[in-house]
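Okay, so here's the structure we're looking at.
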């Protein structure tokens with residue numbers, strides 16, 4: 333990445349020149365959207381969402397912020413007071429905690445109990461929504477996997493896994509199993525699904541036998557010594573495998589599934605579908 337200083341009359345603009353041959357400039361009038369998480373280095377939104385916002389006429393930058401859990405409430409309160417902030421994108425591990433920091437949320441976010449997007453309303457309050465699941469289902473369809481009528485296994489009952497499970501139920505899967513090593517978190521998601529969704533959820537495991545679609549909605553795979561979230565040796569070549577992990581670009585689960593001939597979708601594929609949802613949310617469309 334190169335930094336360029338452009339001087340025009342009395343104005344001084346700073347531009348970031350990225351490898352992908354697009355240039356982003358900003359001034360003191362530029363609006364900010366933070367993306368908060370812990371860790372944060374893996375997120376794609378700063379370089380992925382910013383150009384889409386700007387191409388659609390918004391003078392906005394998406395800025396990463398590594399915020400630990402015990403500082404999230406203070407960060408959100410401070411951002412509310414900043415006159416040039418439009419919103420906050422929320423990533424792990426903050427999606428459940430961020431819901432309580434919103435003044436109002438969408439019905440979908442209320443049912444799920446988490447948010448991944450927050451924007452400031454004209455009255456100065458935080459409005460939250462959860463769109464991880466919508467982005468994931470859109471990405472599955474773009475990659476040739478139609479969830480309707482499929483038997484699906486979701487690994488992970490955190491914020492992303494909960495949103496994806498809800499979206500798969502709404503998309504018409506015929507069976508939905510949930511697995512999480514934290515049984516309280518798993519059981520909580522199953523209770524939510526029973527209360528709000530047409531499909532009756534089942535207890536899942538790390539065994540993917542008999543499933544048409546398996547989603548890794550955990551961070552497992554971000555670190556080189558992470559175990560695989562499922563028993564890959566039990567995968568049928570017809571099972572579609574998707575993963576929310578964006579770094580590395582090809583997570584270990586995806587690499588192992590491809591060796592068995594499975595069709596796959598990476599976290600980057602999910603993000604590419606998700607970024608239009610993010611932009612629409614902040615442009616209030």
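In this note's numbering, the protein residues as written are 333 to 617.
Here a beta-carbon is modelled for each residue, glycine too, at the ideal position from N, C-alpha and C.
- Counting C-beta atoms within 10 angstroms of its own C-beta, residue 406 has fewer than 16 neighbours from the protein chains shown and is therefore classed as exposed.
- DSSP lists 508 as the bridge partner or partners of residue 533.
- With the rule of 3 Cβ pairs closer than 8 Å, the region 508-527 does not count as touching the region 573-592.
- Judged by DSSP in its simplified three-state form, residue 551 adopts coil rather than helix or strand.
- In the structure shown, residue 484 falls within a strand segment according to DSSP collapsed to helix, strand and coil.
- Residue 609 and residue 473 have their C-alpha atoms some 15 Å from each other.
- Contiguous beta strand (DSSP E) elements confined to the region 533-603 occur at 533-535, 545-548, 572-575, taking only those with 3 or more residues.
- Between residue 429 and the set 522, 442, 418, the nearest pair of CA atoms involves 442.
- Judged by DSSP in its simplified three-state form, residue 445 adopts coil rather than helix or strand.
- When the five nearest sequence neighbours on each side are left out, the beta carbons in the same chain lying within less than 7 Å of the beta carbon of residue 361 are those of 391, in order along the chain.
- By the Cβ neighbour-count rule, residue 414 is exposed, with fewer than 16 other Cβ atoms within 10 Å of its own.
- With respect to the 8 Å criterion, residue 380 and residue 607 are classified as neighbours on the basis of their beta carbons.
- The beta-carbon distance between residue 368 and residue 423, rounded to whole angstroms, is 7 Å. This is short enough to meet the 8 Å contact definition.
- The residue among 530, 483, 604, 551 with its C-alpha nearest the C-alpha of residue 541 is 483.
- As computed with DSSP, residue 612 is found in no beta bridge at all.
- Looking at the backbone, the Cα of residue 491 and that of residue 427 are separated by about 5 Å.
- In this chain, the beta strand (DSSP E) harbouring residue 369 covers 363-369.
- The C-beta of residue 590 has fewer than 16 other C-beta atoms within 10 Å across all chains shown, which makes the residue exposed.
- As the crow flies, the alpha-carbon of residue 529 is around 7 Å from that of residue 498.
- By the C-beta density criterion, residue 506 is exposed, having fewer than 16 other C-beta atoms within 10 angstroms.
- Less than 8 Å divides the Cβ of residue 554 from the Cβ of residue 577.
- In the DSSP assignment, residue 390 falls outside any alpha helix (DSSP H) and carries neither an H nor an E.
- When the alpha-carbon of residue 409 is set against those of 434, 440, 398, 394, the nearest one is in 434.
- Distance from the Cα of residue 447 is smallest, within the candidate group 388, 496, 535, for 496.
- Contact between residue 544 and residue 552 does not hold, since their C-beta atoms are separated by about 21 Å, which reaches or exceeds 8 Å.
- Cβ neighbours of residue 566 within its own chain (closer than 7 Å, five residues either side excluded): 539, 540, 541.
- Closest option to residue 471, judged by alpha-carbon separation, among 615, 613, 597: 597.
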